[in-house]
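A short write-up of the structure that comes next.
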Amino acid sequence: MSGKMVTRCFASALALFIAASVLCGIVYPWAVTGLSAIAFPYQATGSIIEVDGVKYGSELVGQPFKSDTHLWGRPTVVDASSFSDAEGQPLLWYSPENLSPASDEFAARVDERIQQVRAAHPDRAAQPVPSDLVTVSGSGFDPHISPAAADYQVERIAAATGRPEREVRAIIAQCTEYPLLGIIGEARVNVLKVNLMLDGVLE
Amino acid sequence: MSAIAGSEFLQAGVLVALVVACALPLSGYLVDVMEGRPLLIRRALGPLERSACRLVGVREDDGMDWRRFLASALAFTAVSFIGLFTLLICQGALPWNPERFPGLALDTAFNMTASFVTNTNWQPIAGETNLSYFSQAVGLAVQNFLSPAVGIAVAFALLRGLASSDGGKLGNFFVDVVRAVLYVLLPLSLVLALVGVWQGSPQTFQGYEMVQLLEPVSVDAEGALVDADDPTAVQEVTEAVVPLGPQSSQVAIKQLGTNGGGFNGANSASALENPTPLTNLLQCAAMPLIPFALIFAFGRMVGDRRQSRALMTVVLAILAAGLFSVIAAETAATPQLSADGAVYLGALDQSAGNMEGKECRIGVGESAAWTALTSATSNGSANASIEAMTPIGTLVPLALIGLGEVVGGGVGTGLVGLLGFAVLAVFVASLMIGRSPEYLGKKLGPAEMRMAVVIVVAPALAILLAASVLVMSPASAAAVGTPAPFGFTELLYAATSAGGNNGSGLSGLSSNTPLINVVLGVEMLFARLAPLAAALVLAGNLAQLKVQATGAVGLSTSGALFAVLLLVIIVLIGALSLLPAFALGPLAEQFMGAF
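Chain order of the listed sequences is A and B.
Going by our numbering, the residue at position 63 of the first sequence is 63; the numbering climbs one at a time, nothing skipped.
Going by our numbering, the residue at position 368 of the second sequence is 1368; the numbering climbs one at a time, nothing skipped.
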């Protein structure tokens, strides 16, 4: 193949690379952004729950909870070093645990979490702990827990908040989403929404 | 098999059946588009196609022989490489960077560039903490379109070589890439991206959000969570960050193009990338869609759809075994998690099995199914932590990647890998029955066999060489997150993922070190380009070969007998090359746990 042919190949390659960068790298994402801004503005900007000017979090990002008056979510591994605000104050972010569930270290951590959960829920001493309360999720910031894990905490929350159990259950039910068509995915409870309702921030 | 694993397996079966049902019509569309036949969509997008071709300086009827096709593919890869590498190291000076991330280190940029240009999408660093929106959208996402488009172009060159018998041309590389992007990848991505945003995935060019924590937390000097009155507490954190960006548009092509590189480090386990069961279902189905359609396109191109059916049977058989094993292992969980019955692992109001590393909205079964599909198709995305899977749950994706890109594989490269094995199987079968090897009516000679062997062996060779280099280097010991044998598995998985152009990883490995970056970068380039070149040489040779009158003498390559033979050869080659290494890692771990 001649040198001229090779030069032509590279010229075509460069032209195609630039054209594709414009079409797939600029036009495509901006087109999706534009359409989303019109059709789904809430979702496109992070599903942020904002009440009276205060941003309480994203529906899709879990937060660490350990107060007796709140529903607890999945255990988290926090990262306070990756992000900071304009004044240099750290911002919370998360990472997964990355432990093999067949390792001794994992067994030790599960044991520790079982003790913590057991100690806070004496009413449920006879019942095994739902698995999602003692395992870290794949993202590290799972916004949900299972209905079993939410139910496990009802008595504790009722006692600490002074609300009747029936009311706590009603709030949990209101924040529960069900599998698509009854079979795809899992039933799950949005932890942040439950806690904002328990605090009276959300109706 | 437990009842839970059974019902999860049934669900996975329905998913795969749906994908096959969609891939069938898509294959007809693919052939029409790539062969330039008149279509309704051409009336709308035809002007764009023509002006793109004019800009690039190519004509549809300017067919290339294998040399020009290969030179074009290599030139395009080289230009993409230089473009992306420059963009990543200059990130700090480029726009769309609200978080003001600086340029990447040279070794990291080299690895990332090799990774995205080769359709691997191995990521040594997390996107949300290191990459600007410009690097994501104009850098990585553009390669997410172009690398599968190159795969489709090369696959069609091979199909044209198989279908032609008069030394016909293999098509025009640049026209093929334009058509694959314009008619296949962009429209499908647009739909998937919009559904993603509707379901909750962010799509914006604004900076990250800051939100008030409902319960402020205290952290110690290492950044770990401690009680507020704990003496080691050094700081109270009252706010959290919500990473945003043009996520949904990128996630769509990441799934469709068998790319796999997430916008976020957590990939599709993050609710920002994969917010609901519906997005999970669609993203899961998107992984095998185009690879399966290309297998059906093969039958249409050679005018005998039974040929595709034989290959598809083999693919589905291996996939079923993979799906079954991961689902069974993950729903069974581990004794360490069960803690003598203190932890409830049943299915009442929760997902049964190993929830470590898995998300509540997705559950154990669909995470296991995704893991089998992402490794079979060379995608590499994840909706759960593979590191946090049971030993068998880690071994299966390792094995599916190690078999080579055959079970769907990457877009385009999967079909090439599968046809490489088919040629090898024809050769072996012909030796057994004492006839001269013949595939689709073409007599195969030593030249064709050599190329098939390169396609089949190059990835395994790359994996073993890279794994040896990593294991022998003292620097690797510091990078592994768990001691042996699991530490060995982490390194082996990295080498396998890079050699299979997959990109998934065991995230306990701190892979952003100069040694690992460079070794894996070189490995990815070799494992992509060697089979690609061999496929084009093979295509050129096949195009010269006359189709013989196929009589009863030739071996049928569309029957059950051939399918079984092909299956045996794929498993045999995979096992012979990689089993010893696997035995030292995940198998050792499984048995250590048992005693």
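Ideal Cβ placement from N, Cα and C applies to all residues, glycine included.
A quick note: this is a predicted structure, and the numbers were derived from the prediction, not measured.
Could you tell me the boundaries of the alpha helix (DSSP H) in which residue i lies?
{"i": "K4 of chain A", "result": "3-22"}
{"i": "G34 of chain A", "result": "28-39"}
{"i": "A80 of chain A", "result": "Note, A80 of chain A: premise wrong, no alpha helix (DSSP H); beta strand (DSSP E) at 77-84."}
{"i": "I1327 of chain B", "result": "1305-1332"}
{"i": "E1387 of chain B", "result": "Premise fails: E1387 of chain B is in no alpha helix (DSSP H) and is neither H nor E."}
{"i": "I1516 of chain B", "result": "1514-1544"}
{"i": "D1604 of chain B", "result": "The first residue shown for chain B is 1001 and the last is 1595, placing residue 1604 of chain B beyond what the model contains."}
{"i": "A1157 of chain B", "result": "1141-1163"}
{"i": "M1301 of chain B", "result": "1277-1301"}
{"i": "V1596 of chain B", "result": "Because chain B here runs from 1001 to 1595, residue 1596 of chain B falls outside it and cannot be looked at."}
{"i": "L1337 of chain B", "result": "1335-1338"}
{"i": "T69 of chain A", "result": "Counting along the chain, T69 of chain A falls outside any alpha helix (DSSP H), and DSSP gives it neither H nor E."}
{"i": "G1365 of chain B", "result": "1363-1376"}
Which residue wins for smallest C-alpha separation from residue i, given the options the options?
{"i": "A1477 of chain B", "options": "B:S1497, B:S1511, B:R1528", "result": "B:S1511"}
{"i": "D1166 of chain B", "options": "B:V1117, B:A1527, B:N1541", "result": "B:N1541"}
{"i": "G1083 of chain B", "options": "B:A1126, B:W1096, B:Q1143", "result": "B:Q1143"}
{"i": "I171 of chain A", "options": "A:R109, A:P147, A:I114, A:C9", "result": "A:P147"}
{"i": "A1012 of chain B", "options": "B:L1509, B:P1102, B:A1228, B:E1366", "result": "B:E1366"}
{"i": "F1145 of chain B", "options": "A:S67, A:A150, A:A19, A:V136", "result": "A:A19"}
{"i": "L23 of chain A", "options": "B:V1480, B:D1062, B:N1119, B:G1139", "result": "B:G1139"}
{"i": "A1293 of chain B", "options": "B:R1100, B:A1233, B:A1155", "result": "B:A1155"}
{"i": "R1528 of chain B", "options": "B:I1570, B:R1059, B:G1409", "result": "B:G1409"}
{"i": "I114 of chain A", "options": "B:Y1439, B:L1587, B:F1427, B:A1339", "result": "B:A1339"}
{"i": "P1288 of chain B", "options": "B:L1018, B:Q1590, B:V1457", "result": "B:L1018"}
{"i": "V1219 of chain B", "options": "A:V77, A:L198, A:G200, A:A120", "result": "A:V77"}
Tell me residue i's beta-bridge partners as DSSP assigns them.
{"i": "S1218 of chain B", "result": "B:V1226, B:E1236"}
{"i": "Y1439 of chain B", "result": "B:K1442"}
{"i": "W93 of chain A", "result": "A:D79"}
{"i": "P1246 of chain B", "result": "B:Q1203"}
{"i": "E1209 of chain B", "result": "B:V1242"}
{"i": "R188 of chain A", "result": "A:E177"}
{"i": "Y1344 of chain B", "result": "A:P130"}
Please check if any C-beta of chain A sits within less than 7 Å of the C-beta of residue i.
{"i": "Y1029 of chain B", "result": "no"}
{"i": "D1349 of chain B", "result": "yes"}
{"i": "T1374 of chain B", "result": "no"}
{"i": "Y1344 of chain B", "result": "yes"}
{"i": "G1223 of chain B", "result": "yes"}
{"i": "L1256 of chain B", "result": "no"}
{"i": "F1116 of chain B", "result": "no"}
{"i": "A1594 of chain B", "result": "Because A1594 of chain B carries a pLDDT of 47, less than 50, the predicted location of this residue cannot be relied on, and the following value inherits that uncertainty. Cβ-Cβ to chain A under 7 Å: no for A1594 of chain B."}
{"i": "N1512 of chain B", "result": "no"}
{"i": "G1127 of chain B", "result": "no"}
{"i": "K1358 of chain B", "result": "yes"}
{"i": "Q1378 of chain B", "result": "Residue 1378 of chain B is actually Ser in this sequence, not Gln. With 7 Å as the cut-off, S1378 of chain B does not count as an interface residue toward chain A."}
{"i": "M1355 of chain B", "result": "yes"}
{"i": "A1071 of chain B", "result": "yes"}
{"i": "T1334 of chain B", "result": "yes"}
At which residues does the beta strand (DSSP E) containing residue i begin and terminate?
{"i": "K55 of chain A", "result": "54-58"}
{"i": "V1406 of chain B", "result": "Neither: V1406 of chain B is in no beta strand (DSSP E) and is coded neither H nor E."}
{"i": "E50 of chain A", "result": "48-51"}
Between residue i and chain B, is there a C-beta pair that is closer than 7 Å?
{"i": "G46 of chain A", "result": "yes"}
{"i": "G53 of chain A", "result": "no"}
{"i": "G162 of chain A", "result": "no"}
{"i": "C175 of chain A", "result": "no"}
{"i": "V78 of chain A", "result": "yes"}
{"i": "Q63 of chain A", "result": "yes"}
{"i": "T7 of chain A", "result": "no"}
{"i": "G3 of chain A", "result": "no"}
{"i": "G182 of chain A", "result": "no"}
{"i": "I171 of chain A", "result": "no"}
{"i": "H121 of chain A", "result": "no"}
Taking 6 Å as the cut-off, does the CB of residue i come closer than this to any heavy atom belonging to the ligand ZN?
{"i": "L1400 of chain B", "result": "In the structure on display, the ligand ZN does not appear, and there are no ligands present to speak of."}
Who are the neighbours of residue i on chain D, taking C-beta pairs under 8 Å?
{"i": "T33 of chain A", "result": "The structure shown contains no chain D; the protein chains it does contain are A and B."}
Length-filtered (4 minimum) alpha helix (DSSP H) runs lying within the stretch 1010-1070 of chain B: Restricted to the stretch 1010-1070 of chain B, the alpha helix (DSSP H) segments that are unbroken, complete and at least 4 residues in length are 1040-1056, listed in chain order.
Length at least 4, wholly inside the stretch 98-165 of chain A: the alpha helix (DSSP H) runs in chain order: Here the runs fully enclosed are 104-120, 147-152, 154-161.
Whole runs of the alpha helix (DSSP H) within the stretch 1068-1128 of chain B, excluding any shorter than 4 residues: If only complete runs of 4 or more residues are kept, the stretch 1068-1128 of chain B shows the alpha helix (DSSP H) at 1106-1117, in order along the chain.
Secondary structure, alpha helix (DSSP H): runs of 4+ residues fully inside the stretch 1421-1506 of chain B: Fully enclosed alpha helix (DSSP H) runs of 4 or longer: 1446-1472, 1474-1479, 1486-1499.
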